[in-house]
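Note that the sequence shown covers residues 752 to 1138 in my numbering.
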Amino acid sequence: MNLGIPKEVVAGETRVAIVPESVGKLTGKLGHTVRIESGAGEASGFSDAEYEKEGAEIVKDAAKIYGESDVVLKVQRPVDHPGLGKHEIDLMKSGAIYVGFFQPLNEPKLAERAAKAGIKVIAMDQIPRITKAQRMDVLSSQTNLACYYATLIAAVSRQKIFPLMMTASVTISPAKVVILGAGVAGLQAIATAKRLGAVVEVSDVRPAVKEQVLSLGGRYIAPPEEEAKEGESMEDKGGYAKQASEDFIKRQQEILKQHLADADAVITTANVPGRKAPILITDDMLSAMKAGAVIVDMAAESGGNCSVTKANETVVVGGVSVIGVTNLPAQVPYHASQLYSRNILSLLEYLTNEGAVELDLEDEIVQGALITNDGQVIHEATQKLLA
752 MNLGIPKEVV AGETRVAIVP ESVGKLTGKL GHTVRIESGA GEASGFSDAE
802 YEKEGAEIVK DAAKIYGESD VVLKVQRPVD HPGLGKHEID LMKSGAIYVG
852 FFQPLNEPKL AERAAKAGIK VIAMDQIPRI TKAQRMDVLS SQTNLACYYA
902 TLIAAVSRQK IFPLMMTASV TISPAKVVIL GAGVAGLQAI ATAKRLGAVV
952 EVSDVRPAVK EQVLSLGGRY IAPPEEEAKE GESMEDKGGY AKQASEDFIK
1002 RQQEILKQHL ADADAVITTA NVPGRKAPIL ITDDMLSAMK AGAVIVDMAA
1052 ESGGNCSVTK ANETVVVGGV SVIGVTNLPA QVPYHASQLY SRNILSLLEY
1102 LTNEGAVELD LEDEIVQGAL ITNDGQVIHE ATQKLLA
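Here you go:
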């Protein structure tokens, strides 16, 4: 099949869907033809010559990439193309397959548009988090890099350094970093902050993550004692935090407020697909923090975990800097693209049979990630939003 990789057109996006090292496997082992728009990999550090060396065809006309490809591979979800004057969905041929981020729970109407255009959509952000899909998990690969970089931002945005430093004249105490959430992002933040020499405390309402926090050298901030029925926990079957009662939230905030008051840096990581990010740091909690502290809010794009967060801005309140960061993987595009490309390659290896991408609707990975098929929105969660 013809695989097309267009240049990303969303402002600030520097990643590319496929890197040169993946081209040889796509063309050789899997039997596909790879065509890439000229300059698509430049912002990530990959030249046209590197792609050609691995067997890709360089195409200067972006319209051909969209219109002649059986499978279009992208990073960002489809948007209006500024150079071609059409939406990326409308540039693709009917029956083609789109593979990339799609965020159908945030933009369900986009799924409807794709269905009407006859485009089959495989959303990389909807790949189920099951054992056999681990190598395709773009959320984990990109979030790991994002939180690593977020921790670096926290470290360089302060007037102090992170590590303990002892000299003949003075001893510098290590910085105290508080991390909210111990999921994929939070665990990477713990590891990075510890490597930089900080003392790390971690808040998460799921007691089950305590062992992971401690194994990375962090200190676990225990949640309030649960008043739930015996045997019930704050964790659902998927391992995610469940909705807590208002009383529980208030008591949790009081505990957290005490820890934030001493914090030099805070990293927040709580995001819920298709919903506004939960407020974890209220105005009252923010006012208790000391001047010079920094909050790096990784949920800024979906509203923020701090009450004053603004996407792509730094808000200073009482001397505390709240940094609303978005699209952090694009700040380290070489490795972000490399990881993303390997995720895509793993998916195509799984779906390819005798040179063709086959979609088995009974397969659990396909069921989780296939949003549209045969002119219909078939993704259950997206269907509910459209209804």
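Idealized CB from N, CA, C, for every residue including glycine.
Predicted model only: the values in this text are computed from it and were never measured.
In angstroms, rounded to a whole number, what distance separates the CA positions of residue i and residue j?
| i | j | result |
| --- | --- | --- |
| I816 | A791 | 11 Å |
| V1149 | K758 | Absent from the structure is residue 1149, since the part of the chain shown begins at 752 and ends at 1138. |
| F852 | I1030 | 25 Å |
| T778 | L1098 | 15 Å |
| V1047 | L903 | 10 Å |
| H783 | K961 | 46 Å |
| E978 | V953 | Residue confidence is low: E978 scores 42 on pLDDT, short of 50, so the model does not pin down where it sits. Its coordinate-derived value is still stated next. Going by the C-alpha atoms only, they are around 22 Å apart. |
| Y900 | S924 | 23 Å |
| H832 | V760 | 7 Å |
| S908 | V1066 | 13 Å |
| L781 | A762 | 33 Å |
| D1013 | K945 | 17 Å |
| N1063 | I1074 | 7 Å |
| T943 | E764 | 24 Å |
| T1123 | V830 | 17 Å |
| E801 | S773 | 11 Å |
| V785 | I870 | 19 Å |
Leaving aside the five residues before and after residue i along the sequence, list all residues of the same chain whose C-beta is less than 7 Å from its C-beta, in chain order.
| i | result |
| --- | --- |
| S892 | L1090, Y1091, N1094 |
| L965 | Y971 |
| K911 | A926, D1015 |
| K1027 | S1053, G1054 |
| E803 | I809 |
| R766 | E759, S795, V826, P1080, A1081, P1084, A1087, S1088, Y1091 |
For residue i, does the three-state DSSP call read helix, strand or coil?
| i | result |
| --- | --- |
| Q1003 | helix |
| M875 | helix |
| A791 | coil |
| G763 | coil |
| R970 | strand |
| I1122 | strand |
| D1048 | strand |
| R946 | helix |
| T1142 | Here the chain covers residues 752 to 1138 and nothing more, so residue 1142 does not appear. |
| I756 | strand |
Are the beta-carbon atoms belonging to residue i and residue j less than 8 Å from one another?
| i | j | result |
| --- | --- | --- |
| E805 | G834 | no |
| V951 | G932 | no |
| P879 | E1115 | yes |
| A1051 | V1076 | yes |
| S820 | N753 | yes |
| R1158 | L856 | It is not possible to answer for residue 1158, since the shown part of the chain is limited to 752 through 1138. |
| L1137 | P859 | yes |
| A940 | I1018 | yes |
| L824 | I769 | yes |
| V1045 | V1059 | no |
| D1111 | V1117 | yes |
| V921 | A949 | no |
Within the same chain, show all residues whose beta-carbon is closer than 6 Å to that of residue i, passing over the 5 residues directly before and after it, in chain order.
| i | result |
| --- | --- |
| R1002 | P975 |
| A1120 | I873, A874, Q877, I878 |
| I887 | According to the sequence displayed, residue 887 carries Met and not Ile. Here the set comprises I878, N1094, S1097, L1098. |
| A868 | I840 |
| A897 | L1079, P1080 |
| D1140 | Beyond the ends of the chain as shown, which are 752 and 1138, falls residue 1140; an answer cannot be given. |
Exposed or buried, which one is residue i when buried takes at least 16 other CB atoms within 10 Å?
| i | result |
| --- | --- |
| M917 | exposed |
| E839 | buried |
| P1084 | buried |
| D987 | Low per-residue confidence applies at D987: pLDDT is 48, beneath 50, and the placement is therefore not dependable enough to give any value. |
| N1104 | exposed |
| P771 | buried |
| D812 | exposed |
| E788 | buried |
| A919 | exposed |
Comparing the CB of residue i with every heavy atom of the ligand MN, is any distance shorter than 7 Å?
| i | result |
| --- | --- |
| D1034 | The ligand content of the structure shown is nil, which means the ligand MN is not present either. |
Who are the Cβ neighbours of residue i in its own chain at under 8 Å, not counting the five residues just before and after it?
| i | result |
| --- | --- |
| S798 | G792 |
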